[in-house]
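Residue numbers (this note's numbering): -4 to 128.
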């Protein structure tokens, strides 16, 4: 049997479980949500559901506060900048991929052009040597 890798975006943890996983009070998670630091999914009944990605984000928030002494405003700035960096990195990778495709296209065209020119040139070995007077 193959075990399916869990989707890190899949909301699977209720708030009490998520809070225990990151050693925070559920009210703290609610506060972080109000601030926009984390956005858990909601069931049709309105129950907050946290994904593994949310848990990792909460751990990062915890680390910034506890280990580095960053306040919540600073955490918000850091998270926003991190998101912007990830988006810019994705854009850069797309640009690099399109440049690579263009480079390969130009190289192919160059090689085809070179081959065409070689076919048009007479072979030096086929030339008849004409002696002078």
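For each residue, glycine too, the CB sits at the ideal point set by N, CA and C.
Remember, it's a predicted structure, so these values are computed and weren't measured experimentally.
Assigned exposure category for residue i - 16 Cβ within 10 Å defines buried
| i | result |
| --- | --- |
| residue 85 | exposed |
| residue 87 | exposed |
| residue 29 | exposed |
| residue 53 | buried |
| residue 24 | buried |
| residue 101 | exposed |
| residue 6 | buried |
C-alpha gap between residue i and residue j, whole angstroms
| i | j | result |
| --- | --- | --- |
| residue 70 | residue 3 | 22 Å |
| residue 65 | residue 59 | 6 Å |
| residue 67 | residue 44 | 22 Å |
| residue 104 | residue 92 | 18 Å |
| residue 20 | residue 10 | 9 Å |
| residue 113 | residue 97 | 24 Å |
| residue 46 | residue 111 | 58 Å |
| residue 90 | residue 33 | 30 Å |
| residue 56 | residue 72 | 11 Å |
| residue 27 | residue 83 | 25 Å |
| residue 22 | residue 81 | 29 Å |
| residue 99 | residue 51 | 39 Å |
| residue 106 | residue 8 | 57 Å |
| residue 42 | residue 16 | 18 Å |
| residue 95 | residue 117 | 35 Å |
Expected contact under 8 Å - CB spacing of residue i and residue j to nearest Å
| i | j | result |
| --- | --- | --- |
| residue 49 | residue 13 | 7 Å |
Reduced DSSP secondary structure (H/G/I, E/B, other) of residue i
| i | result |
| --- | --- |
| residue 101 | helix |
| residue 9 | strand |
So, does the region 75 to 89 touch the region 32 to 42, judging by three or more C-beta pairs under 8 Å?
Segment contact: the region 75 to 89 against the region 32 to 42, fewer than three CB-CB distances shorter than 8 Å; contact not assigned.
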